[in-house]
Structure formats: structure tokens, C-alpha cells
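S.K.: As you go down the protein sequences, you meet chains F and U in turn. Numbered according to the numbering used here, the first sequence spans residues 499 to 743. Numbered according to the numbering used here, the second sequence spans residues 20 to 456. Quick reminder that beta carbons are idealized off the backbone N, C-alpha and C, glycines included. Handing you this structure, nothing more for now.
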Amino acid sequence: MKRILIMGATSAIAEATAKIWAKEGHQLYLMSRNQSRLDTLAGDLVVRGAHRVDVMTFDANQIEDHQRMIDIAIQQLDGIDIVLIAYGTLSNQVACEQDIHLFLQEFNTNAVSMMSILMHLANRFEAQKKGTIAVITSVAGDRGRQSNYVYGAAKAAVSVFLQGLRQRLYKSGVHVLTIKPGFVDTPMTQAFKKGLLWSSPDVVAQLIVEAIASNRHILYAPKYWFLIMQLVKSIPERYFKRVKL
Amino acid sequence: MSVLTTSSGWGRYPQIATYVNFPQSFDDCQDMVIQKKQLIVRGLGRSYGDSSLAKETLDTRYLRHFQAFDETTGILTCEAGVTLRDILQVVVPQGWFLPVTPGTQFVTIGGAIASDVHGKNHHVDGAFSDHVIQIELLLGNGTRVVASPTHHSELFRATCGGMGLTGIILAATIQLKPIVSSRILETSIKLACLSDLLDAFNDYQHATYSVAWIDCLAKGRHLGRSILKIGEHAEDGYLTSLPKRVLSVPFDMPAHILNYHTIKAFNALYYGRTPQTASTRQTTYQSFFYPLDRLRHWNRLYGKSGFVQYQFLLPRDAGEQGLRDVLQRIVNSRQGSFLAVLKIFGKGNKNYLSFPAEGYSVALDFKFTPSLLTLLAELDQLILTKGGRLYLAKDARMTEHMFKSSYPRWDEFEQVRATYHAIGKFSSLQSQRLGLQ
Numbered sequence: 499m500k501r502i503l504i505m506g507a508t509s510a511i512a513e514a515t516a517k518i519w520a521k522e523g524h525q526l527y528l529m530s531r532n533q534s535r536l537d538t539l540a541g542d543l544v545v546r547g548a549h550r551v552d553v554m555t556f557d558a559n560q561i562e563d564h565q566r567m568i569d570i571a572i573q574q575l576d577g578i579d580i581v582l583i584a585y586g587t588l589s590n591q592v593a594c595e596q597d598i599h600l601f602l603q604e605f606n607t608n609a610v611s612m613m614s615i616l617m618h619l620a621n622r623f624e625a626q627k628k629g630t631i632a633v634i635t636s637v638a639g640d641r642g643r644q645s646n647y648v649y650g651a652a653k654a655a656v657s658v659f660l661q662g663l664r665q666r667l668y669k670s671g672v673h674v675l676t677i678k679p680g681f682v683d684t685p686m687t688q689a690f691k692k693g694l695l696w697s698s699p700d701v702v703a704q705l706i707v708e709a710i711a712s713n714r715h716i717l718y719a720p721k722y723w724f725l726i727m728q729l730v731k732s733i734p735e736r737y738f739k740r741v742k743l
Numbered sequence: 020m021s022v023l024t025t026s027s028g029w030g031r032y033p034q035i036a037t038y039v040n041f042p043q044s045f046d047d048c049q050d051m052v053i054q055k056k057q058l059i060v061r062g063l064g065r066s067y068g069d070s071s072l073a074k075e076t077l078d079t080r081y082l083r084h085f086q087a088f089d090e091t092t093g094i095l096t097c098e099a100g101v102t103l104r105d106i107l108q109v110v111v112p113q114g115w116f117l118p119v120t121p122g123t124q125f126v127t128i129g130g131a132i133a134s135d136v137h138g139k140n141h142h143v144d145g146a147f148s149d150h151v152i153q154i155e156l157l158l159g160n161g162t163r164v165v166a167s168p169t170h171h172s173e174l175f176r177a178t179c180g181g182m183g184l185t186g187i188i189l190a191a192t193i194q195l196k197p198i199v200s201s202r203i204l205e206t207s208i209k210l211a212c213l214s215d216l217l218d219a220f221n222d223y224q225h226a227t228y229s230v231a232w233i234d235c236l237a238k239g240r241h242l243g244r245s246i247l248k249i250g251e252h253a254e255d256g257y258l259t260s261l262p263k264r265v266l267s268v269p270f271d272m273p274a275h276i277l278n279y280h281t282i283k284a285f286n287a288l289y290y291g292r293t294p295q296t297a298s299t300r301q302t303t304y305q306s307f308f309y310p311l312d313r314l315r316h317w318n319r320l321y322g323k324s325g326f327v328q329y330q331f332l333l334p335r336d337a338g339e340q341g342l343r344d345v346l347q348r349i350v351n352s353r354q355g356s357f358l359a360v361l362k363i364f365g366k367g368n369k370n371y372l373s374f375p376a377e378g379y380s381v382a383l384d385f386k387f388t389p390s391l392l393t394l395l396a397e398l399d400q401l402i403l404t405k406g407g408r409l410y411l412a413k414d415a416r417m418t419e420h421m422f423k424s425s426y427p428r429w430d431e432f433e434q435v436r437a438t439y440h441a442i443g444k445f446s447s448l449q450s451q452r453l454g455l456q
């Protein structure tokens, strides 16, 4: 049985992942903004076989609360084996370009708050010398595009942060996993027209569980996104800047 | 926020543009019901016709949580968007099974109740709603009520089989049935004609599961050539819900792939493959109940224009002759699908619009062609004169007259809807076609 903390637990990918972990009989601690949705999810996970589920509401942007919340969670879990950080917002690029406050708020949510949480967690994991830190970033962080570079820049910041963290924690035997989902059909992306490249949260969740179990470093989910992003990254800037993406 | 998309039922006829709303909680549902002028709820979209189609739909895919399960009593409570597959995955390893299951696991529990689905055990166990202990329903005025056979019973009776027209089912409590093995003992019996088949059904009337696959191309004295499948839960073995590999139809097949000759060849093969005398084998519950679930998107086999599934009921007193008349008409049309599925129903329940009642139920697919609607209208007439009716979950085209003549309790149904604020609020393409308010 593993002790697992999920931050942003009611996001579709986190929820699907939690359902798999519940079936495996692990103990879960769920955090997200909405109390009633947390309670609903906790009830579900218990039926699916979770050893025990606790919940706590949290607001990622209350940075001064991070230390305390993480301490409470780990204390209630009686230790920690895996943390999955899955929250985030899909920033409205056009609105952010018009409103600097909105832009900063989005960047704080998707990048600054996450890195703050990761700093606290890194110290805990480094001290215990074991465990997995898994974080959902995005393929959008692999290359900036005019249609969503606010979101992409935040995800890129976290991805780079994780690269450094991976090196730092390697010595302590702590596993750091960067998860880069492609297009996933979730409430966050409901406005998009879905096509062939879209996956369900269940598919991505299965890959996450496997990647954590097998100590992978970077997971493109589904895996063909690795090839797509290699291609996207290989286009020289002088051509890329003309592309409507 | 709602999303504009093209939507259809499983038969892919008709298709319409619709605004889909994705509530993530009961509170979201409440807001949407209050805010939208008119809407219909949609689960996995496995009803074949237009019962989940409307200008505004409420998609229950994110209402997919279990609420409680007592493994000693087999009582399960879950949200409406939980699928039958989700349920089996959780309960089979603990020795429980669905009391009634349709031919696919890919329906939500909300959909199963709204269509009051039936299975191969209708003659002994009744329909799905006969095992529903209670439902939580969101009414058209935004209030939430719990309905059961004893509490708000008329609302319960209207909602089970009520095609989503009484409100949004938010959650349901059902009684599961105990099993000791996840495997099924399946007996296949080859039958040369309709009389033999009906005799065989009679011989096996105490069997838990029974269904027959009729070769729709066999005519004359061969009419009703079929294979009867009998099933029982195995008494020993293990409990597992591990799925088999799934194949997929990747795109629309050219419409002419399914034609008279390919179907004839398939049926000859299928019939020929079954041994002459009754044979019993042990199989998984998936392959016994859900053979088509292994072929994802099988509805694409019928090509772009889709198909209509036609399922009718003939009361027992229409007799073998009645059944023979209708089958004859279908076979002569040369438009029917591979196979027709025949099931003998036991007594019906007290719901206003539930389909099953004592008699014969036959289901088959028709590839959609312009001449099809004329044929089906003729069949409707024939079925109506014999006192039969059509299954609303399959229907995409019957007339208001056909509906109101064959579902005589439709006006009581409307009264219940009026009492519980459903009139005008919950409405689908189907309900409008059938003349429901």
C-alpha cells in the first residue's frame, strides 16, 4: 500500500488516476478548491477499494499556506510515497494579453504556486530519501506558440524546474516525473473541437500510473506526443514565426 | 459553458447540431436546469434514435462517482453517469453482478433506468427498474427529490422508462445479485424453424438467460431458423472482471459492404459453426452478454448514413402466427440485417412507458436508405393491429399516432410530468415527435 497525496485531485486526469490507485488499494489524500466535489470523489474512491481517503480544500495561490497544508497531509497519511500535482487552469491567451493582472494571476497559479509547493515537497522527500514527485505540465511548454504562450510559458517554467529538481534529488533516491499530456478531453478543454489526436483522461491516467511505477523521467501522454513535439521543436524560428499555431 | 457539436444516437440517424453542457457536480446540474429553457439529459448516447437529442443537452460524463457499496447486501448507490462497465469492474470481484443487463456495458445507469432496459433474463427477473431501490431526481424547477416504489411512487414509475422526460436522474440505488463465478455456462441449440424455436424457448423457460439469434435470410419453411443461447452463472470458478482485447472499426465502412450476399455468407457461416446438437461451454460474462462491446464503433459498419434499429413487442396472444406474419414481412423486404434477436418476455411492470410486457420481442437493424421509412411504416401498422409496440430506446421515427395507440398510459405519464414541473423543460427530438409536451 502506498501513501499518495494528490493536489488538484478533482481535475479530470487526477481523478482518473486516483480511481486506478483506489482499485489498487492505496491510501489517498486529496486536495482541491471545492469541498463538495472532494467529498464526492472521496466516496467514489472508497467504493473502488482505496484503503483510506482524506480530503482538504486548498487554494494554490495562498502561498503562505503551502507548508502547513503539506505538513498536515503528510502527517495524516503517516508519511508519503507519491505526490501527484495536477491542478492548473487553461489560460485565456487573448484575455491575458489585454489584462496584465489576469496574466500574472494565471502565471502564479500555473507556475509560481507549483514551484513553491515543489520546494516544500522537495525538502521533505530529500530528507526521507525515497518516493516519487509527479507533476502534470504540458506539451504546450515545449515550444511557445502565439495561441497559448501564457499557459505554455508557465508549463515550461515548471518543466525546467523539475529537470533541476530531478538532478538534485537523484542523489537522495527520489524519483521526479514530468508528465506532458497532449490533447485530453476534459472539462478544461471542453471548448475545443475534438479530433483524432484527442485522448480520454482514463488513457492518460493509466500511463501516469505505469510511469510512476517504472521510474520514468518524462512522460508524453499518449506517447506519440513525443514524436509530434520533436517535430514541432525542430522547425527553425524563421519559419515557425510565420506559422499560425 | 456549453459546446456546439454534432450529435446523434448510436444508430447515427438522425444527426443534429446541439449545445452540450458538461456539469461536474449536482450543483452544476441544478444551475443548468434553472438557466436553460429546455433540455434533455444524455449519458453515453447508446439509445439508437433521437431520445437523447435536443438543442440543449446535459451530458453526464463527469457525474461518474460511486457513492456507496455494501458488499454484504449487494446494495450499490452511484451517480447517474457511472457506466454498467464501471459497476461490473468494482462488484464482480466481490461476488456481485448486475441484476439485469442489456447487450452492452457501455450505458450509464441513468440511461439504463430512463430506458428501463431489459436483458436475457426478463422472463425470470423483469426489467432493470425492478431492481432499483430509489433514485435521486432533479426536477424542472431545480429541486431535488428522492423517488422509490413507495415514495413519490408515481414519479418513480414515470421516470423508469420515461426517457429522461421527468427530470435529471442524479443518482440511483440498485440491488445487485450474488454470483460465485464470473463465468457463464452457455448452451447453444440449433433450431430449424420458428415452431421449433418457440418449443425450445418453452422447454427452457426456467433457464436464467435465454435469447435467440434468427437468420433473417431464411425463408419459407426455414423461417425462424435460429440459434438459441441459454446461459446460467457458473457454480464454481473464479471472480474476475478483466477485459479482453478490444478491436475497433476505425472509420465509416463503405455502405455497400453489408449487402444481401455478404450477410447471407455470414449467416451461413455463423449457423454452420454451431454444432448440430445442443452444446454447452463455459465462457466469460463479457463474451456471453456483450459480444459486440469487443468491436468499438461497430455502428460504423453501416456507413455514413447510419442505421435504424427496430425492436418491437408482440403480446403473447398474438401467438406464433402473429410473429410469423411480421417476420415474413421483414424477410421478404430483403432489407433487414444479419440477424434478428428474439427474446420472450415475462410479465411487464407498472411503469407508464416501459417497453417489456408478456410476449415476443424482436430486434434487428436496418441500414438507412430512403425506402426504409416506408417499409417501417408498414411494419408499424402490422404490429399495431396485433397489439404490439416499439421500444422507445431504439426508436428514431415512429409517429405520434403509433406511440399514443401502443402506449395507452402516455396521458397518465403527462399528468405526472405536469405535477413535477417537467412539461416544457425536459424535451427531446423524440418526445416532440411523439407529441409529448
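Taking all protein chains shown into account, decide if serine 384 (chain U) is buried (16 or more other Cβ within 10 angstroms of its Cβ) or exposed.
M.R.: It is aspartate, not serine, that sits at residue 384 (chain U) in the sequence shown. Result: buried.
S.K.: For histidine 141 (chain U), report the span of its beta strand (DSSP E) as first-last.
M.R.: Careful: histidine 141 (chain U) lies outside any beta strand (DSSP E), inside the alpha helix (DSSP H) at 141-144.
S.K.: Can you tell me which of the three DSSP states leucine 411 (chain U) falls into?
M.R.: Coil at leucine 411 (chain U), not helix or strand.
S.K.: Just confirm the distance between the C-beta atoms of serine 260 (chain U) and valine 111 (chain U), as a whole number of angstroms; I'd bet it's less than 8 Å.
M.R.: About 4 Å; that satisfies the 8 Å criterion.
S.K.: Apply the 10 Å Cβ neighbour rule to alanine 36 (chain U) and answer buried if 16 or more other Cβ atoms are within range, or exposed otherwise.
M.R.: By the neighbour-count rule (16 or more Cβ atoms within 10 Å), alanine 36 (chain U) is not buried but exposed.
S.K.: Would the beta-carbon of alanine 632 (chain F) fall within 7 Å of that of leucine 582 (chain F)?
M.R.: Yes, the Cβ-Cβ distance between alanine 632 (chain F) and leucine 582 (chain F) is below 7 Å.
S.K.: Label valine 702 (chain F) either buried or exposed according to how many other C-beta atoms from any shown protein chain fall within 10 Å of its C-beta, with 16 as the threshold for buried.
M.R.: Burial call: buried.
S.K.: Helix, strand or coil, according to DSSP, for alanine 396 (chain U) in the structure here?
M.R.: Three-state result, alanine 396 (chain U): helix.
S.K.: Mapping the DSSP letters down to three states, classify tryptophan 429 (chain U) as helix, strand or coil.
M.R.: Three-state result, tryptophan 429 (chain U): helix.
S.K.: Below 8 Å on the Cβ atoms is my contact criterion, and I expect valine 522 (chain U) with isoleucine 187 (chain U) to pass it. Report the Cβ-Cβ distance as a whole number of Å.
M.R.: Nothing can be reported for residue 522 (chain U): it is not among the residues displayed for chain U, which extend from 20 to 456.
S.K.: Tell whether a beta-carbon distance below 7 Å holds between alanine 711 (chain F) and leucine 717 (chain F).
M.R.: Contact: no.
S.K.: Would you mind reading off the limits of the alpha helix (DSSP H) that contains arginine 664 (chain F)?
M.R.: It spans 647-668 - the alpha helix (DSSP H) in which arginine 664 (chain F) sits, taken as one unbroken run.
S.K.: Taking Cβ positions only, does serine 44 (chain U) come closer than 7 Å to chain F?
M.R.: It does: the Cβ of serine 44 (chain U) has a partner Cβ on chain F nearer than 7 Å.
S.K.: At 8 Å on the CB atoms, spell out the chain F contacts of methionine 272 (chain U), in chain order.
M.R.: Result: empty, since nearest Cβ-Cβ is about 18 Å, beyond 8 Å.
S.K.: Looking only at C-alpha atoms, which of F:Leu616, F:Val544, F:Leu602, F:Ala609 sits nearest to glutamine 565 (chain F)?
M.R.: Per the Cα distances, F:Leu616.
S.K.: Please list the residues of the region 74-89 of chain U that have a C-beta atom closer than 7 Å to any C-beta atom in chain F, keeping them in chain order.
M.R.: The residues in question are Tyr81, His84, Phe85, Gln86, Ala87, Phe88.
S.K.: Kindly list the residues whose CB is nearer than 8 Å to the CB of valine 165 (chain U), restricted to its own chain and excluding five residues on each side of it in sequence; keep chain order.
M.R.: Closer than 8 Å at Cβ, skipping near neighbours: Gln153, Ile154, Glu155, Leu156, His171.
S.K.: Please say whether glutamine 449 (chain U) and aspartate 69 (chain U) have beta carbons closer to each other than 7 Å?
M.R.: Yes. Within cutoff.
S.K.: With DSSP collapsed to three states, give me the class of threonine 587 (chain F).
M.R.: Correct three-state label for threonine 587 (chain F): coil.
S.K.: Using the Cβ count rule (16 or more neighbours within 10 Å means buried), how would you classify glycine 671 (chain F)?
M.R.: Glycine 671 (chain F) is exposed by the Cβ-count criterion.
S.K.: Just to confirm, are asparagine 40 (chain U) and serine 21 (chain U) a CB contact at a threshold of 7 Å?
M.R.: In this structure, serine 21 (chain U) lies closer than 7 Å to asparagine 40 (chain U) by Cβ.
S.K.: List the residues that DSSP assigns as beta-bridge partners of glutamate 254 (chain U).
M.R.: None, per the DSSP bridge assignment.
S.K.: Does any CB atom of chain U fall closer than 7 Å to the CB of aspartate 557 (chain F)?
M.R.: No, no contact with chain U.
S.K.: Output the boundary residues of the alpha helix (DSSP H) element that contains valine 702 (chain F).
M.R.: Looking at the DSSP string, the run of the alpha helix (DSSP H) that includes valine 702 (chain F) is 699-711.
S.K.: For the beta strand (DSSP E) that contains valine 545 (chain F), what are its first and last residues?
M.R.: That residue, valine 545 (chain F), is in no beta strand (DSSP E); its alpha helix (DSSP H) goes 533-546.
S.K.: Say whether the region 210-226 of chain U touches the region 299-315 of chain U, bearing in mind that this needs 3 or more beta-carbon pairs closer than 8 Å, one atom from each stretch.
M.R.: No contact exists between the region 210-226 of chain U and the region 299-315 of chain U.
S.K.: For alanine 514 (chain F) and proline 699 (chain F), what's the separation of their Cα atoms in angstroms?
M.R.: Cα-Cα distance, rounded: 6 Å.
S.K.: What number of angstroms, rounded off, separates the C-alpha of glutamate 75 (chain U) from the C-alpha of lysine 55 (chain U)?
M.R.: Taking the straight line from one Cα to the other gives about 8 Å.
S.K.: Determine the DSSP secondary structure at aspartate 579 (chain F), reduced to helix, strand or coil.
M.R.: If DSSP states are grouped into helix, strand and coil, aspartate 579 (chain F) belongs with coil.
S.K.: Check distances from the C-beta atoms of the region 680-712 of chain F to those of chain U and list, in chain order, the residues that come in under 7 Å.
M.R.: Per Cβ criterion, the list reads Pro685, Gln688, Ala689.
S.K.: Using a C-beta to C-beta distance shorter than 9 Å, which residues of chain U count as neighbours of serine 534 (chain F)?
M.R.: Neighbours of serine 534 (chain F) on chain U, chain order: Ser44, Phe45, Asp46.
S.K.: For aspartate 50 (chain U), which of helix, strand or coil comes out of DSSP?
M.R.: If DSSP states are grouped into helix, strand and coil, aspartate 50 (chain U) belongs with the helices.
S.K.: From the DSSP output, read off the bridge partner residues of aspartate 358 (chain U).
M.R.: A small correction: the amino acid at residue 358 (chain U) is leucine; aspartate does not occupy that position in the sequence shown. U:Asp234, per the DSSP bridge assignment.
S.K.: Over what stretch of residues does the beta strand (DSSP E) that includes lysine 386 (chain U) continue unbroken?
M.R.: Here the beta strand (DSSP E) through lysine 386 (chain U) covers 378-386.
S.K.: Which chain F residues sit within Cβ distance under 8 Å of methionine 20 (chain U)?
M.R.: Within 8 Å Cβ-Cβ: Gln688, Ala689.
S.K.: CB valine 381 (chain U) to CB lysine 238 (chain U), shorter than 7 Å?
M.R.: No.
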